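Asker:
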Amino acid sequence: MVSGVGPKDTLQEYDIPLIANLPGVGQNILIDDPQYAAQAEFDYNFDQTAPITDFGFISFEKLPKQYRGSFSSVTESVLNQFPADWPEMEYIGGDAYTGYNTNFITADPRLEDDGYEYASIDSALVAPLSRGNVTINSTDTMDPPLINPNWLTAEADVEVAIAGFKRTRQFWANMHNITIGEEYLPGPNVTTDEEILAFLRQDALELWHASATCAMGKKGDPMAVVDTHARVFGVQGLRVVDASAFPFLPPGHPQSTVYALAEKIADDIKRGQ
Numbered sequence: 002m003v004s005g006v007g008p009k010d011t012l013q014e015y016d017i018p019l020i021a022n023l024p025g026v027g028q029n030i031l032i033d034d035p036q037y038a039a040q041a042e043f044d045y046n047f048d049q050t051a052p053i054t055d056f057g058f059i060s061f062e063k064l065p066k067q068y069r070g071s072f073s074s075v076t077e078s079v080l081n082q083f084p085a086d087w088p089e090m091e092y093i094g095g096d097a098y099t100g101y102n103t104n105f106i107t108a109d110p111r112l113e114d115d116g117y118e119y120a121s122i123d124s125a126l127v128a129p130l131s132r133g134n135v136t137i138n139s140t141d142t143m144d145p146p147l148i149n150p151n152w153l154t155a156e157a158d159v160e161v162a163i164a165g166f167k168r169t170r171q172f173w174a175n176m177h178n179i180t181i182g183e184e185y186l187p188g189p190n191v192t193t194d195e196e197i198l199a200f201l202r203q204d205a206l207e208l209w210h211a212s213a214t215c216a217m218g219k220k221g222d223p224m225a226v227v228d229t230h231a232r233v234f235g236v237q238g239l240r241v242v243d244a245s246a247f248p249f250l251p252p253g254h255p256q257s258t259v260y261a262l263a264e265k266i267a268d269d270i271k272r273g274q
């Protein structure tokens, strides 16, 4: 936006000369820390600690029928638009306690030297429908942007998230061959959908897959920023080739999809398109 490409009103607010009025720039954010990853790699190489030592269990699933009975007609209609093989949930196993998401500086004070071993199963929405936005904070590119992730605002996201939480409880309940203590977080007293949702809103964590803020679409769509060749509408010689060009976030992790997009656009450029 600070280059003059984006919503006209926002650019005028910061006295930025308008090059292309594209209201879709910064809208549609789907957020599924490089610094965190770099530190984890350093710690592992230094003394074989940090999250990289985790056993790395990840699985994907379309929620079973028994968890879909409570879905509203709106949620069913939205989910039925996806291909039959698209998962809705991702489950990430952790050989440690991963539930304290209040901050990333201190550990959960309730766990200090309590004498127990912990394991976790994190559930994640891999095809979110809630849309947020990002915009500029000033004309200085060094100033951080204003980000509104808008999590859990779509009805379908709320219902799927609650069902996914219940599904992880079933996983634990079915581990008959090992001894497992009482659920620690949020605890067995959290049972109703309202209580589960309140916990999720407080403790939810992103997967750092932000995308779709320069969405690909048809010319004339006010939310479209690039065409099918990733060329920015109204601007010569500028393309966007990363996850922000996705019109929506496919399920799973987007790395391979970004590679595929880059290969496709590279071929377009070689063909002069």
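Taking our numbering, the leading residue of the sequence shown gets 2, the next gets one more, and so forth. Here a beta-carbon is modelled for each residue, glycine too, at the ideal position from N, C-alpha and C. Just so you know, these numbers come straight off a predicted model, no measurement behind them.
#1: Out of Ala267, Gly235, Leu239 and Ala211, which one is the CA nearest neighbour of Phe247?
#2: Quick one: measure Cβ to Cβ for Thr99 and Ser131, integer angstroms, because I've assumed they're closer than 8 Å.
#3: If we count the other Cβ atoms within 10 Å of its Cβ and call it buried at 16 or more, is Pro255 buried or exposed?
#4: Measuring CB atoms only, is the stretch 234–252 touching the stretch 207–223, in the sense that at least three cross pairs come out at less than 8 Å?
#5: Confirm, please, whether the CB-CB distance from Leu198 to Ala164 is below 9 Å.
#6: Taking the straight line between their C-alpha atoms, what separation do you get for Pro145 and Ile137?
#7: According to the Cβ coordinates, are Arg168 and Tyr260 closer than 9 Å?
#8: Provide the residue(s) that pair with Ser278 in DSSP beta bridges, ordered along the chain.
#9: Does the structure place the stretch 86–99 close enough to the stretch 121–131 that three or more beta carbon pairs sit under 8 Å?
#10: From Val241 to Lys63, what does the alpha carbon distance come to, in whole angstroms?
#11: Quick check: the Cα distance between Asp228 and Asp109, rounded to an integer number of angstroms?
#12: Going by DSSP, what residue range makes up the alpha helix (DSSP H) through Ser74?
#13: From what residue to what residue does the alpha helix (DSSP H) around Ser257 run?
#14: To which residues does DSSP link Asn134 through a beta bridge?
#15: For Arg232, I'd like the list of residues in its chain whose CB is within less than 8 Å of its CB, leaving aside the five on either flank, ordered along the chain.
#16: Determine the burial state of Met217: buried for a count of at least 16 other Cβ atoms within 10 Å of its Cβ, exposed for fewer.
#17: In the DSSP assignment, what residue or residues form a beta bridge with Met217?
#18: Leu12 and Leu23 look like a contact to me (Cβ under 8 Å); what is the Cβ gap, rounded to whole Å?
#19: State the Cα-Cα distance for the pair Thr140 and Pro8, rounded to the nearest angstrom.
#20: For Phe43 and chain D, any beta-carbon pair shorter than 9 Å?
#21: Output the distance between the C-alpha atoms of Ala128 and Val6, rounded to the nearest integer angstrom.
#22: Tell me the start and end of each unbroken alpha helix (DSSP H) in the stretch 150–196 that is at least 4 residues and wholly inside, in chain order.
Answerer: Short version:
#1: The sequence position of residue 247 within the sequence shown is 246, counting from 1. Taking only the C-alpha atoms, the option nearest Phe247 is Ala211.
#2: Residue 99 sits at position 98 when you count from the first residue of the sequence shown. Residue 131 sits at position 130 when you count from the first residue of the sequence shown. Not really, about 22 Å apart at Cβ, beyond 8 Å.
#3: Counted from its first residue, the sequence shown places residue 255 at position 254. Note on Pro255: 16 or more other CB atoms within 10 angstroms of its CB, so buried under the neighbour-count rule.
#4: Verdict: yes, contact present.
#5: Here the question's residue 164 lines up with position 163 in the sequence shown. Here the question's residue 198 lines up with position 197 in the sequence shown. Taking 9 Å as the Cβ cut-off, Ala164 and Leu198 do not qualify as a contacting pair.
#6: Taking the first residue of the sequence shown as position 1, residue 145 is located at position 144. Taking the first residue of the sequence shown as position 1, residue 137 is located at position 136. Going from the Cα of Pro145 to the Cα of Ile137 covers about 8 Å.
#7: Translated into positions along the sequence shown, residue 168 becomes position 167. Translated into positions along the sequence shown, residue 260 becomes position 259. Going by C-beta atoms, Arg168 is not nearer than 9 Å to Tyr260.
#8: Because the chain is modelled from 2 through 274, residue 278 falls outside the range shown and cannot be assessed.
#9: The stretch 121–131 is in contact with the stretch 86–99.
#10: Position 240 of the sequence shown, counting from 1, holds the residue named residue 241. Position 62 of the sequence shown, counting from 1, holds the residue named residue 63. Cα to Cα, Val241 sits roughly 32 Å from Lys63.
#11: Position 227 of the sequence shown, counted from the start, is the residue given in the question as residue 228. Position 108 of the sequence shown, counted from the start, is the residue given in the question as residue 109. Asp109 has its alpha-carbon roughly 47 Å from the corresponding atom of Asp228.
#12: In the sequence shown, counting from the first residue as 1, residue 74 sits at position 73. That run of the alpha helix (DSSP H) goes Ser74 to Leu80.
#13: For the purposes of this step, residue 257 is taken as the residue at position 256 of the sequence shown. It spans Gln256 to Lys271 - the alpha helix (DSSP H) in which Ser257 sits, taken as one unbroken run.
#14: Here residue 134 corresponds to residue number 133 of the sequence shown, with the count starting at 1. The partner list for Asn134 (beta bridge, DSSP) reads Gln28 and Asn149.
#15: Within the sequence shown, numbered from 1, the residue matching residue 232 stands at position 231. Its chain contains Leu239 and Arg240 as the residues whose beta carbon lies nearer than 8 Å to that of Arg232, once the 5 sequence neighbours on both sides are disregarded; these appear in chain order.
#16: Within the sequence shown, numbered from 1, the residue matching residue 217 stands at position 216. Met217 comes out buried.
#17: Position 216 of the sequence shown, counted from the start, is the residue given in the question as residue 217. Val227, per the DSSP bridge assignment.
#18: Here the question's residue 12 lines up with position 11 in the sequence shown. Here the question's residue 23 lines up with position 22 in the sequence shown. Rounded to the nearest angstrom, the Cβ distance from Leu12 to Leu23 is 10 Å, too far for a contact under 8 Å.
#19: As a position in the sequence shown, residue 140 is number 139, starting the count at 1. As a position in the sequence shown, residue 8 is number 7, starting the count at 1. One C-alpha to the other measures close to 14 Å.
#20: Of the protein chains in the structure, only one exists, and it is not chain D.
#21: Taking the first residue of the sequence shown as 1, we reach residue 128 at position 127. Taking the first residue of the sequence shown as 1, we reach residue 6 at position 5. Computed Cα separation, rounded: 28 Å.
#22: List check, alpha helix (DSSP H) in window: 156–174.
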